[in-house]
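In my numbering, the protein residues as written are 32 to 299.
Using N, Cα and C, we set each Cβ at its ideal position, and we do this for glycine too.
Just so you know, these numbers come straight off a predicted model, no measurement behind them.
These notes are about the structure you will find just below.
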Amino acid sequence: MKKEGLPTFSSSALRSPFLEFINIIKIAELERKTCLDSKMDDTKTMITVLFIIFPMLIKVQQALNLKEYYSNYINRKKNKINEKLERARKAVDEFVIEIEASCEEFTCNFDVSLCGFEQGTDDKFNWTRHKGNTPSSGTGPSFDHTTGDMTGYFVYIEASSPRKRGDNAKLYSPPLTFPGHMCLEFYYEGLNGTLYYHMSGAAIGSLKVTVNEKVVFSRSGDREDKWYKASINVSAIVGWHRVTFEGVRGDIAIDDFSLTAGSCAFSK
């Protein structure tokens, strides 16, 4: 028999709010797990991306380093090639000089260069290529022989300080061919070629010319302030040889060198 005034509840009605609460808890837990999984997936994705990108970055850096290395390598190669080209150019110049010297006629008036003449290394001082008056007063030459004025060049040595008695200076021609009969002269003016020498000053020493260690010309002592002509027949010397000019402490100049085949018109 039911009591009056008391409400009644079914068991299902009592369970519904509890189940609802449980469901809410489960849903919240599922959402939290889903969120965590999502973050975990993002982390995994980022790590995966880093594993892919990092080697690529390393390769890019290696490529940049390689580019710098090859750039330096190419620059070094360019410098070496330029050095070789410069040596080749000098070799060609020397070859041209030797080819010119191998002809039957070789001349040099020193107006443009030394024509392949070289300073000695077994002497005390050097010859000087010069134009116009020489520095010492009272000595010559006062003009070039080739041009007859102060515009042309010649080579000379001086007796002035710091030169001492016995000091010598040597000048070597390029290798020249001597087929048997040659005319060695100091001057140019159409007389088979000549070499002119000038010896003037109170402290004149000596001038000596040798071919293959054989003395072919020698002068010493003071002379007038003018150019002198020397013509030398060279017949007993065969082969390739240098002509050596050796001046011993004095005011001496030479100009218009030439070596031609045959005998000189006159020998002096």
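Q: Tell me whether residue 222 sits in a helix, a strand or coil according to DSSP, three-state version.
A: Here the question's residue 222 lines up with position 191 in the sequence shown. With a pLDDT of 23 at residue 222, under the threshold of 50, the modelled position of this residue cannot be trusted, and the question is left open.
Q) Which value, in whole angstroms, describes the spacing of the CA atoms of residue 217 and residue 257? A) Sequence index remark: in the sequence shown, residue 217 carries index 186 (1-based). Sequence index remark: in the sequence shown, residue 257 carries index 226 (1-based). Rounded to whole angstroms, residue 217 to residue 257 spans 13 Å at the Cα level.
Q. Taking three-plus beta-carbon pairs below 8 Å as touching, is the stretch 264-283 in contact with the stretch 99-112?
A. no
(Q) Here's the rule I'm using: 16 or more other beta-carbon atoms within 10 Å means buried, otherwise exposed. How should residue 274 be labelled? (A) As a working mapping, residue 274 is identified with position 243 in the sequence shown. The residue in question, residue 274, is buried, as its Cβ has 16 or more Cβ neighbours within 10 Å.
Q: Would you mind sorting residue 284 into buried or exposed? The rule is 16 or more other CB atoms within 10 Å of its CB.
A: For the purposes of this step, residue 284 is identified with residue 253 of the sequence shown, where counting begins at 1. It counts as buried.
Q) In angstroms, rounded to a whole number, what distance separates the CA positions of residue 87 and residue 108? A) Against the sequence shown, residue 87 aligns to sequence position 56. Against the sequence shown, residue 108 aligns to sequence position 77. Near 31 Å, if we compare the C-alpha coordinates of residue 108 and residue 87.
Q. Anyone know if the C-beta pair for residue 184 and residue 142 falls short of 7 Å?
A. Numbered from its first residue, the sequence shown carries residue 184 at position 153. Numbered from its first residue, the sequence shown carries residue 142 at position 111. For residue 184 and residue 142, yes; Cβs fall inside 7 Å.
Q | Beta-bridge partners of residue 13, as assigned by DSSP | A | With the chain covering 32 to 299 only, the question about residue 13 has no answer from this structure.
Q: Pull up the distance between the alpha-carbon of residue 222 and that of residue 139, whole angstroms please.
A: Stepping through the sequence shown from its first residue, residue 222 is reached at position 191. Stepping through the sequence shown from its first residue, residue 139 is reached at position 108. A caution first: residue 222 carries a pLDDT of 23, below 50, which makes its placement in the model too unreliable to give a value.
Q.
Looking only at its chain, what residues have a beta carbon closer than 8 Å to the beta carbon of residue 246, apart from the 5 residues adjacent to it on each side?
A. Numbered from 1 along the sequence shown, position 215 holds the residue referred to as residue 246. Same-chain partners within the cutoff: 239, 240.
Q: Give the single residue among 198, 194, 189, 214 whose Cα lies nearest to the Cα of residue 306.
A: Nothing about residue 306 can be reported from this structure: the residues present for the chain run from 32 to 299 only.
Q) By the 10 Å Cβ neighbour count, where 16 or more other Cβ atoms means buried, how is residue 158 classified, buried or exposed? A) Here the question's residue 158 lines up with position 127 in the sequence shown. Answer is buried; the Cβ neighbour count reaches 16.
Q | Best match in 243, 146, 249, 208 for proximity to residue 293 [C-alpha to C-alpha] | A | In the sequence shown, residue 293 corresponds to position 262, counting from 1. The shortest C-alpha separation from residue 293 is found at 208.
Q | Distance cut-off 6 Å: residue 279 Cβ against heavy atoms of the ligand ATP | A | In terms of ligand content, the structure shown is empty, and the ligand ATP therefore cannot be addressed.
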